[in-house]
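First to last, the sequence lines map onto chains Z and R.
The first sequence begins at 436 in my numbering and counts up one residue at a time.
The second sequence begins at 11 in my numbering and counts up one residue at a time.
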Amino acid sequence: MPKVRLNDVEIYYEEHGQGQPMVFLSETACDGEVWKINQVPEFSRDHRVIIHDYRGTGQSSKPSIDYTTRMFADDVIALMDHLDAEDAIVVGHSMGGRVAQLLALDHPKKVHKLVLASTGAHYPQTKGLPLKICKEMIEWGYDKYEREHTILVGWTEDYVKKHPEKIENYLKVRMHNLCPVEFYLRHLIARQSHDTSQRLKEIKQPTLILVGEGDQNMTSEINHRMSSEILARDIPKSKLVVLPNERHSYFFSNPDEAHRLIREFIRE
Amino acid sequence: MPTVRVNDAEIFYEAHGTGRPFVFFSETACDGDIWKLYQVPEFSKDHLVIIHDYRGTGKSSKPSIDYTTQMFCDDAAVVLEQLNVRDAVILGHSMGGRVAQLLALDYPERVSRLILASTGAAFPGATGLPLTMVKEMIEWGYPKYVREHTIQVGFTDEFVTTHAERVDEFFRTRLANLCPVEFYLRHVLARQGHDTRDRLKNIRVPTLVMVGEHEGDPNLAMTHRASSEILAKAIPGVQFVVLPGQKHNYFASAPEAVHQIIRNFLCA
């Protein structure tokens, strides 16, 4: 079982394939397993794909301390040091995109190109736990919230109706290792506090920004569609691609198109 | 049904007895019914006792907007205006004590004496919804959280064992009208956002600060014991009383002793 002791925690990771390193960073409180559905099989054919479980998730340590995206980034850097991985393609989805920005800004040698998928630089107002999320988690229970919320923000009603088995397949992986709710909340606080809004212009790497056309769910004051446009406006070498008819989880509903866009961007 | 319209909300209130006006403010997300167990019967003998339901609780309106203690204060001021109340005794328990401070500061003509019971001026450094509270609400469910948490912070183990029927009676009232969880959370945010630290020196009315000897809430950054001591130091001419053997809910666990202390303060 590949684990590395970094700073105060043990971080679980996996490596698949050979080639230019490619690091995938998951959404809020989500471990690395979800990438094994589509992205690991696709990119491990010609890349060294690195996935890991954030502290607080999966098989990594879960210290009961305040988390920050900076701390998640430091864990990834320590892991890349351990694996001697540089010049990677870093793909960050949602909260993972916030961590990816910090990698690109503070460890430019580690990051060759950046893919920021359905993410943003900051939540200007809501710094603590968003009320709407807490309310729904309390009313529905944690498991049901995660399930319902993932479906609602992830896919269009049409897709959900047409592909129930694909949704279930995804949820089986996502719910399998659902972290204790304490760490979900700690991840949320880390996400809400993240702020790179004043530093985006310093990102030097070529950056592909992906967002679903319908990624407009509001858990606090800004949605991923709006925040992706801010990223595209402020990151110098960036290109924004809006995926039609997609919401938040196109890596699972439309992997072929997402992979095509990423491969094209890597080749450029 | 006595209600008063305040801008966007209807505020429910009740007045009992005649004499010197005496206004009671409840703890976080708690309506006015709680005072009918012991305090309304006692003080309506020789006072005009006024209780009300904060917006978001009881029979008052529940608009889905951000709440502040200032808003609660302004709502109460409209009730007092409606009843043509001046020079009242104002008693606030816990969050109600924060509202009471604002009433004394912003509507001095309405206030002749102030009783601040187990309350404080601010939660320095703690923004947003407290993680442990949200975690417990999710894990236990909302009504169970209110019950367990209130027992934990409200009553000593000994009292719970020796006075089970009084604890049950308290919860029959407290849980009868439990507000929807959204408004509990909005009240918590209002409480966490309250800050009168710089204004305490401007409170000019005779003030009684009370706190239970054994008060401590593991979910809060600062205990009521510590925050009451800050109030006692900062407000000019305070009488400070620590209630031996008590925790947070001595209005229900030791009403006779508390009423005597209040009556002595009002006569002094």
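Beta carbons are placed, not taken as given, at the ideal position from N, Cα and C, and that holds for glycine.
Worksheet item: DSSP state of E24 of chain R, grouped into three classes?
Response: strand
Worksheet item: Which residues in the same chain have their Cβ closer than 6 Å to the Cβ of D227 of chain R, if we skip the five residues on either side of it in sequence?
Response: V163
Worksheet item: At what residue ranges does the region 457 to 545 of chain Z contain a whole run of the beta strand (DSSP E), taking only runs of 3 or more?
Response: 482 to 487 and 523 to 528
Fill in: Cβ of I75 of chain R within 8 Å of any chain Z Cβ
no
Practice prompt. Give the DSSP bridge partners of V303 of chain R, in chain order.
Written response: Any answer about residue 303 of chain R is impossible in this case: the structure gives chain R only from 11 up to 278.
Worksheet item: Considering only the beta carbon of each residue, do K548 of chain Z and I512 of chain Z sit closer than 8 Å?
Response: no
Worksheet item: E656 of chain Z by DSSP, collapsed to three states: which one?
Response: coil
Worksheet item: At a cut of 8 Å, does the region 73 to 87 of chain R reach the region 211 to 227 of chain R through at least three beta carbon pairs?
Response: no
Item to complete: Return yes when the Cβ of V251 of chain R is within less than 8 Å of the Cβ of M220 of chain R, no when it is not.
Response: yes
Discussion item. Measuring only the C-alpha atoms, how far is T28 of chain R from R96 of chain R?
Written reply: 14 Å
Worksheet entry | Through-space distance from G42 of chain R to Y489 of chain Z, alpha-carbon basis | 46 Å
Worksheet item: Does T160 of chain R come within less than 8 Å of chain Z when only Cβ atoms are used?
Response: no
Discussion item. Can you check which of these residues, Z:E600, Z:A464, Z:D466 and Z:R480, is closest to G421 of chain Z by C-alpha distance?
Written reply: Here chain Z has residues from 436 to 703 only, and residue 421 of chain Z is not among them.
Discussion item. Please give me, in chain order, every unbroken run of the alpha helix (DSSP H) with length at least 4 that falls completely inside the region 587 to 658 of chain Z.
Written reply: 592 to 597, 599 to 611 and 616 to 628
Discussion item. Output needed for K257 of chain R: all residues of its chain with C-beta closer than 7 Å, excluding positions within five of it in sequence on either side, in chain order.
Written reply: V163, G164, F165, T166, G222, H224 and E225
Worksheet item: Shortest alpha-carbon distance to V608 of chain Z belongs to which of Z:H451, Z:E477 and Z:N473?
Response: Z:N473
Worksheet item: For Y3 of chain R, which of helix, strand or coil comes out of DSSP?
Response: Because residue 3 of chain R is not part of the residues shown, which for chain R are 11 to 278, the question remains open.
Fill in: Unbroken alpha helix (DSSP H) run spanning S688 of chain Z, endpoints
Y685 to S688
Discussion item. Please tell me whether S628 of chain Z and K562 of chain Z are closer than 8 Å, where the distance is taken between their beta carbons.
Written reply: yes
Practice prompt. Go ahead and label K570 of chain Z buried or exposed: buried means 16 or more other beta carbons lie within 10 angstroms of its beta carbon, across all protein chains shown.
Written response: buried
Worksheet item: Is P31 of chain R buried or exposed, if buried means 16 or more other CB atoms sit within 10 Å of its CB?
Response: buried
Practice prompt. Give me whichever residues DSSP pairs with S673 of chain Z in a beta bridge.
Written response: Z:T642
Discussion item. Mapping the DSSP letters down to three states, classify A86 of chain R as helix, strand or coil.
Written reply: helix
Fill in: Y77 of chain R, DSSP secondary structure in three states
coil
Discussion item. Does chain R have any CB closer than 8 Å to the CB of K497 of chain Z?
Written reply: no
Item to complete: Compute the distance between the beta-carbons of V616 of chain Z and I148 of chain R, then report whether it is under 8 Å.
Response: yes
Worksheet item: By DSSP, does V99 of chain R sit in helix, in strand, or in coil?
Response: strand
Fill in: Residues bridged to P12 of chain R [DSSP beta-bridge criterion]
Paired residue(s): none; P12 of chain R is not in a bridge.
Item to complete: Consider the Cβ of K145 of chain R: report whether some Cβ of chain B lies at a distance smaller than 8 Å.
Response: Considering every chain present, this structure includes no chain B. Its protein chains are Z and R.
Worksheet item: What residue range is occupied by the uninterrupted alpha helix (DSSP H) comprising V191 of chain R?
Response: V191 to G203
Worksheet item: Counting pairs of beta carbons, one from the region 648 to 657 of chain Z and one from the region 489 to 505 of chain Z, are three or more of them closer than 8 Å?
Response: no
Fill in: Limits of the unbroken beta strand (DSSP E) element including F34 of chain R
R30 to F35
Item to complete: Check each candidate in Z:Y447, Z:D501, Z:V439 and Z:D650 and name the one with the smallest Cα separation from V588 of chain Z.
Response: Z:D650
Fill in: Near-chain Z residues of the region 185 to 203 of chain R - C-beta to any C-beta below 8 Å
V191, E192, L195, R196 and L199
Fill in: C-alpha distance - L675 of chain Z paired with N604 of chain Z, whole-angstrom precision
29 Å
Worksheet entry | Member of Z:P559, Z:G532, Z:D578 and Z:L537 whose CA lies at the smallest distance from the CA of V550 of chain Z | Z:G532
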